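Undergrad: Note that my numbering has the sequence shown beginning at 56, numbered continuously upward.
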Amino acid sequence: MIEPYERALDEVPGAHPYAPGSRYSGVEIGVHRAPDGTEVRYAKRRLLPAPGDFAEESVPHVVSGGERADQLGQRYFGDPGQWWQIADAHPLLDPRELTDEPGERIAVPLPGGFPGGMGGPGVRNG
Numbered sequence: 056m057i058e059p060y061e062r063a064l065d066e067v068p069g070a071h072p073y074a075p076g077s078r079y080s081g082v083e084i085g086v087h088r089a090p091d092g093t094e095v096r097y098a099k100r101r102l103l104p105a106p107g108d109f110a111e112e113s114v115p116h117v118v119s120g121g122e123r124a125d126q127l128g129q130r131y132f133g134d135p136g137q138w139w140q141i142a143d144a145h146p147l148l149d150p151r152e153l154t155d156e157p158g159e160r161i162a163v164p165l166p167g168g169f170p171g172g173m174g175g176p177g178v179r180n181g
């Protein structure tokens with residue numbers, strides 16, 4: 056049941072329902088009031104810049120056979136859950152498209168370099 060959790064957050068000033076490493080951690084939380092008066096919380100939209108806008112704040116990566124987005128998150132950000140930072144930098148609907156073609160060159164945003172990205176502990180090449 057989610058309701059008690061949401062109410063607990065109401066009591067904590069500045070509390071946010073998403074973990075600090077989540078792609079939604081900095082997103083504003085909206086409240087929709089249904090006709091019956093029920094409040095429904097939701098994450099407002101995250102607007103991302105055009106992929107070319109971060110070219111100088113990225114490093115190239117050549118995809119290897121069998122590689123996955125979570126592995127790239129671990130390699131470049133030290134956390135497999137940060138794969139979304141790489142996905143956000145590409146105009147893809149499915150993050151599996153990042154690594155589905157071995158030999159393809161993709162851009163990996165530098166920690167803190169991609170506008171709207173969360174950053175990370177450091178880029179590790181290798």
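From the three backbone atoms N, C-alpha and C, an ideal C-beta is built for every residue, glycine too. Keep in mind the model is a prediction, meaning the values are calculated, not measured.
If you draw a straight line from the C-alpha of Ala85 to the C-alpha of Leu148, how long is it?
TA: A quick correction: the sequence has Gly, not Ala, at residue 85. Straight-line Cα distance between these residues: approximately 24 angstroms.
Undergrad: Quick one: what does DSSP say Glu94 is sitting in, helix, strand or coil?
TA: Three-state DSSP puts Glu94 in a strand.
Undergrad: From Val118 to Asp155, what distance separates their C-alpha atoms?
TA: Rounded to the nearest angstrom, the two C-alpha atoms are 8 angstroms apart.
Undergrad: Kindly give me the distance between the Cβ atoms of Pro146 and Gly120, rounded to whole angstroms, as I take these residues to be in contact under 8 angstroms.
TA: With 8 angstroms as the limit, Pro146 and Gly120 do not qualify as a contact, their Cβ atoms being about 23 angstroms apart.
Undergrad: Return the CA-CA distance between Pro150 and Tyr131, expressed in angstroms with no decimal places.
TA: When rounded, the distance between both Cα atoms is 16 angstroms.
Undergrad: Taking the Cβ atom as the reference point for each residue, do His116 and Leu102 lie within a distance shorter than 8 angstroms?
TA: Going by C-beta atoms, His116 is not nearer than 8 angstroms to Leu102.
Undergrad: Mind listing, in chain order, the continuous alpha helix (DSSP H) runs of no fewer than 4 residues lying wholly within the segment 81–162?
TA: Segments of the alpha helix (DSSP H) lying fully in the segment 81–162: 124–132, 138–143.
Undergrad: Leaving out five residues on either side along the sequence, give the residues of the same chain with a beta carbon under 7 angstroms from the beta carbon of Leu136.
TA: Strictly speaking, residue 136 in this sequence is Gly, with Leu absent from that position. Within the same chain, Gly136 has close Cβ partners Gly76, Gly128.
Undergrad: Using 10 angstroms around the beta-carbon of Arg78, count the other beta-carbons present and answer buried if the total reaches 16, otherwise exposed.
TA: When all chains shown are included, Arg78 counts as buried.
Undergrad: Spatial neighbours of Gly181 within its chain, please: CB distance less than 6 angstroms, with the 5 preceding and 5 following residues excluded, ordered by chain position.
TA: For Gly181, the predicted model reports a pLDDT of 32, less than 50, meaning its position is unreliable; a value from the coordinates is still stated below. Closer than 6 angstroms at the Cβ level, and outside the excluded window around Gly181, lies no residue.
Undergrad: When the Cα atoms are used, what is the spatial distance from Leu165 to Glu122?
TA: Their backbone Cα atoms lie some 19 angstroms apart in a straight line.
Undergrad: Within 10 angstroms of its Cβ, does Val163 collect 16 or more other Cβ (buried), or is it exposed?
TA: Under this definition Val163 is a buried residue.
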